[in-house]
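Have a look at the structure below, then the notes.
Number of protein chains: 2
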Amino acid sequence: MTTTIYDVAAKAGVSPKTVSRVINGSALVKEETRERVLEAIRLLDYHPNAVAKSLKQKVTYNIGYVVPYGSDFVFRDPGQMEQLKGASDVINAADYNLILSVPSTAREALLEVNRLLKHKKVDGLILYAMEGVEPLAREFEEKGLKYVSLGKCYPEQEYNFVEVDSPSGGYLATRFLLNLGHYRIGFICEAPQFLVPAKESMIKGCIRAYEEAKIEFPHDLVLEGDYSVEFGEYAVGRFLQKNPRPTAIFCASDPMAWGVLRGLRKKGLVPGRDIDVLGGDDLPFTKSIEPGLSAVNSKLYELGAQAARMLLDYIRNSREEGEKGIPGRYLQSELVVRETTNGPSGKR
Amino acid sequence: MTTTIYDVAAKAGVSPKTVSRVINGSALVKEETRERVLEAIRLLDYHPNAVAKSLKQKVTYNIGYVVPYGSDFVFRDPGQMEQLKGASDVINAADYNLILSVPSTAREALLEVNRLLKHKKVDGLILYAMEGVEPLAREFEEKGLKYVSLGKCYPEQEYNFVEVDSPSGGYLATRFLLNLGHYRIGFICEAPQFLVPAKESMIKGCIRAYEEAKIEFPHDLVLEGDYSVEFGEYAVGRFLQKNPRPTAIFCASDPMAWGVLRGLRKKGLVPGRDIDVLGGDDLPFTKSIEPGLSAVNSKLYELGAQAARMLLDYIRNSREEGEKGIPGRYLQSELVVRETTNGPSGKR
DNA sequence: TGGTACAATGACATCGATGTTATAATAAAA
DNA sequence: TTTTATTATAACATCGATGTCATTGTACCA
Numbered sequence: 000m001t002t003t004i005y006d007v008a009a010k011a012g013v014s015p016k017t018v019s020r021v022i023n024g025s026a027l028v029k030e031e032t033r034e035r036v037l038e039a040i041r042l043l044d045y046h047p048n049a050v051a052k053s054l055k056q057k058v059t060y061n062i063g064y065v066v067p068y069g070s071d072f073v074f075r076d077p078g079q080m081e082q083l084k085g086a087s088d089v090i091n092a093a094d095y096n097l098i099l100s101v102p103s104t105a106r107e108a109l110l111e112v113n114r115l116l117k118h119k120k121v122d123g124l125i126l127y128a129m130e131g132v133e134p135l136a137r138e139f140e141e142k143g144l145k146y147v148s149l150g151k152c153y154p155e156q157e158y159n160f161v162e163v164d165s166p167s168g169g170y171l172a173t174r175f176l177l178n179l180g181h182y183r184i185g186f187i188c189e190a191p192q193f194l195v196p197a198k199e200s201m202i203k204g205c206i207r208a209y210e211e212a213k214i215e216f217p218h219d220l221v222l223e224g225d226y227s228v229e230f231g232e233y234a235v236g237r238f239l240q241k242n243p244r245p246t247a248i249f250c251a252s253d254p255m256a257w258g259v260l261r262g263l264r265k266k267g268l269v270p271g272r273d274i275d276v277l278g279g280d281d282l283p284f285t286k287s288i289e290p291g292l293s294a295v296n297s298k299l300y301e302l303g304a305q306a307a308r309m310l311l312d313y314i315r316n317s318r319e320e321g322e323k324g325i326p327g328r329y330l331q332s333e334l335v336v337r338e339t340t341n342g343p344s345g346k347r
Numbered sequence: 000m001t002t003t004i005y006d007v008a009a010k011a012g013v014s015p016k017t018v019s020r021v022i023n024g025s026a027l028v029k030e031e032t033r034e035r036v037l038e039a040i041r042l043l044d045y046h047p048n049a050v051a052k053s054l055k056q057k058v059t060y061n062i063g064y065v066v067p068y069g070s071d072f073v074f075r076d077p078g079q080m081e082q083l084k085g086a087s088d089v090i091n092a093a094d095y096n097l098i099l100s101v102p103s104t105a106r107e108a109l110l111e112v113n114r115l116l117k118h119k120k121v122d123g124l125i126l127y128a129m130e131g132v133e134p135l136a137r138e139f140e141e142k143g144l145k146y147v148s149l150g151k152c153y154p155e156q157e158y159n160f161v162e163v164d165s166p167s168g169g170y171l172a173t174r175f176l177l178n179l180g181h182y183r184i185g186f187i188c189e190a191p192q193f194l195v196p197a198k199e200s201m202i203k204g205c206i207r208a209y210e211e212a213k214i215e216f217p218h219d220l221v222l223e224g225d226y227s228v229e230f231g232e233y234a235v236g237r238f239l240q241k242n243p244r245p246t247a248i249f250c251a252s253d254p255m256a257w258g259v260l261r262g263l264r265k266k267g268l269v270p271g272r273d274i275d276v277l278g279g280d281d282l283p284f285t286k287s288i289e290p291g292l293s294a295v296n297s298k299l300y301e302l303g304a305q306a307a308r309m310l311l312d313y314i315r316n317s318r319e320e321g322e323k324g325i326p327g328r329y330l331q332s333e334l335v336v337r338e339t340t341n342g343p344s345g346k347r
């Protein structure tokens, strides 16, 4: 049936071990033998069986990417895709495979993770941190299973995570808007059910910026959004009822900002002239929107890429037993100014 | 180290084979023994090694999902994500794993596919059909490797594909617009570099609808787009220069239609009043856009799901050698009418 | 010329499960 | 009660690679 290393060995008149040496580029093979073996491999169209190799070497070259119970959420959120893409690129470049798993309930997520990690289908896991992953993360650590999470899984987590520093992004955005002359700013921040409990909301940074500027923070202008375009649109209505109404709106995610743009237009308001708008991701799509949406760049691609790099590092260099993993990292955001932030009306 | 089936056997005082029987739910185990074994499994927190099982059974329970050299394209196109999601849901429900691979060049794609299929890392492959996959598909067939393609890989392909019947979608859309009273319709169809050579363009169906209505087809109003929002916006400018200018625009994809909406607005035109617009995918995002975009529903989720189902079928029921696979299937589109199609101006 | 190093190769065991086949224990049939 | 089925279990081989260790061949040095 399938050709094995034994077939090749027989054809080349050597032992299987020698064929193995040739495949793995060992220097301990005479040039002439090597060529004979390579010829046999070519003739038989032989491909080593990765499963057998895995069994012996206890390495699968598979990385699991698990997003617990977020199926709909995940596939519709372009921010999620950026993270996945970052991870995918790094994993593929390292000749590993990415096993994508998007269970739809917490229970399924648990089963899934077991199937992958404990049954040795993957060498490690990238875990998207959401409400409810804490027990999973704890268990991994207890059992010495390798993972890196996208975001902290619980407040005291010190190892194996990469996280966007949301408060610093909020601070950056707010300071910028305050400097433009805004003081009534509407905030759409992250609804808790979409945030890991451990993650600090951007709003902390926003408040800090107000404090530094010694301006009173407009607590009446804070909404909690679900990352959807729809929510952004809805929020516009809410904000316009306020008195005085905000002169700028800052959203924790780009899709909500897209919704805000749409909502404003529906009300006959011009973003960037009547009301300033600032997004929270700087997704690729945001670059091509009209008018050009200013945004905090949350480095989502980089987030995924770094997580993958950390995990690969961890997998390949973990000699000592009982080491805790790799210290967590925070990514700092940047501000990208485009056309929707020009200062309060009249100033333009 | 890791607990194996031998450890469990020893603890329970039975043979490894009996443990295996318990794990696999064989009826040939006395109730009392079963319980003893289960207890041992629990105590030792034993999890069977999937790799060892794979080696023996020659089944990996992995499905590869390969999108040849389309990294950027893929992750930015929400239509792609719908297909991926459809496949992912089916694959996970069947207790298989999805290995996602998005190589960025044709050469990498080849290596990738070899790594996956020939090295036995997956039981089968879902292959996104694009320019250049034909040789791959041919080789798979020659070697009896299992795959199903999303779209035909070459014109005469009869097996192992699922495809959206684009011409029928084009026909549906065009007939609808003609019935509304349009006769100058602008078409943005698929640029050839993004289409498998084997796939028929929707434009064929559009022309057919014109023929049936005995109206002359406006050949001057056909553009080829790259699926991007930007192109849709650009196309608006092109169309408005035509004389007489079109009263409706039909796009092969939703993102291009989103671009058209934006482009129209920038020119001060109102979609659905001044010019009708029709999208080509009916993506989730399209449901929530403003104004509600009418669209041909291309069943992209279903496309991915069907491909996965076909492949799983093929994998599980392929007893006979040399069978060609599963006959290809075409999915028919539907029309979803929302707010952007009200007939030529004045008629409203 | 014999000894020592090192290069090149192979024999055999091993990874951890399951398939095959033999055998022990029990139940049903004669 | 003996024979025959049937149930329950185990011994051993096997999947296809690689690791360990032994062995052979060759070159270099004393």
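These protein sequence lines are chains A and B, in that order. Numbering follows numbering that gives the first Met the number 0, with no gaps: position 13 of the first sequence is 12. Numbering follows numbering that gives the first Met the number 0, with no gaps: position 107 of the second sequence is 106. Positions of the beta carbon are idealized from the N, C-alpha and C atoms, including for glycine.
- Residue-level contact by beta carbon fails for N296 of chain B and chain A, as no gap is shorter than 9 Å.
- Only buried fits A172 of chain B, as 16 or more other CB atoms lie within 10 angstroms of its CB.
- Contact with chain A is absent for F139 of chain B, since none of that chain's Cβ atoms lies less than 9 Å from the residue's Cβ.
- Beta-carbon to beta-carbon, V336 of chain B and N296 of chain B are separated by about 11 Å, too far to satisfy the 8 Å threshold.
- B:G279 is the residue among B:G279, B:L311, B:G291, B:E289 whose C-alpha sits nearest the C-alpha of K298 of chain B.
- Under the DSSP assignment, D44 of chain B falls outside any alpha helix (DSSP H); it carries neither an H nor an E label.
- Between I90 of chain A and I325 of chain B, the alpha-carbon positions lie close to 33 Å from each other.
- Straight through space, the alpha carbons of L109 of chain A and E138 of chain A are spaced by roughly 11 Å.
- Taken in chain order, the whole beta strand (DSSP E) runs of length 3 or more contained in the region 212-255 of chain B are 221-224, 247-250.
- Annotation: Cβ neighbours of P102 of chain A in chain B (cutoff 8 Å, chain order): N91.
- Judged by DSSP in its simplified three-state form, I206 of chain A adopts helix.
- Excluding sequence positions up to five before and after T32 of chain B, its CB lies within less than 7 Å of the CB of V13, T17, all in the same chain and listed in chain order.
- Using a Cβ-Cβ cut-off of 7 Å, A51 of chain B is close to L54 of chain A, given in chain order.
- Within chain B, the residues whose beta carbon sits less than 7 Å from that of N48 of chain A are H118, K119, listed in sequence order.
- For R261 of chain B, at least one C-beta of chain A is nearer than 9 Å to its own C-beta.
- For S293 of chain A, the uninterrupted beta strand (DSSP E) segment begins and ends at 293-296.
- Residue environment for T339 of chain A: buried (at least 16 other C-beta atoms within 10 angstroms of its C-beta).
- At a C-beta separation below 7 Å, E322 of chain A has no neighbours in chain B, since its nearest C-beta there lies roughly 16 Å away.
- Chain-ordered listing is empty here: chain A has no CB closer than 7 Å to the CB of T3 of chain B, the nearest sitting near 11 Å.
- Residue contact with chain B for V276 of chain A: absent (no Cβ-Cβ distance below 9 Å to any residue of chain B).
- Straight through space, the alpha carbons of L302 of chain B and E81 of chain B are spaced by roughly 9 Å.
- Approximately 17 Å separates the beta-carbon atoms of L135 of chain A and V161 of chain A; this is outside 8 Å, ruling out the contact.
- A distance below 7 Å between beta-carbons, with the five flanking residues on each side excluded, links A208 of chain A to the following residues of its chain, in chain order: Y170, T173, R174, L177.
- A distance below 8 Å between beta-carbons, with the five flanking residues on each side excluded, links Y313 of chain B to the following residues of its chain, in chain order: G123, K145, V147, N159, G324, I325.
- For chain A, none of the residues of the region 305-320 of chain B brings a beta carbon within less than 7 Å of one of its beta carbons.
- Separation of L99 of chain B and A256 of chain B (C-alpha to C-alpha, rounded to the nearest whole angstrom) is 29 Å.
- Cβ contact annotation for R20 of chain A (same chain, cutoff 7 Å, sequence separation greater than five): L27, V28, in chain order.
- M309 of chain B is classed as buried because its beta carbon has at least 16 other beta carbons within 10 Å across all chains shown.
- Between I62 of chain A and V132 of chain A, the C-beta spacing is not below 9 Å.
- By the CB criterion at 9 Å, E130 of chain B and Q192 of chain B fall inside the cutoff.
- Pairing Y64 of chain A with D253 of chain B, the inter-Cα distance amounts to about 29 Å.
- The closest CA to that of C152 of chain B, considering only B:L115, B:L116, B:E199, is found on B:E199.
- Within the region 244-271 of chain B, those residues whose Cβ lies closer than 7 Å to any Cβ of chain A are, in chain order, R261, K265.
- By DSSP's assignment, G63 of chain A forms a beta bridge with A:I98, A:L124.
- Per DSSP, reduced to three states, the secondary structure at E130 of chain A is coil, with no helix or strand assignment.
- Taking every protein chain shown into account, the CB of G185 of chain A has 16 or more other CB atoms within 10 angstroms, so this residue is buried.
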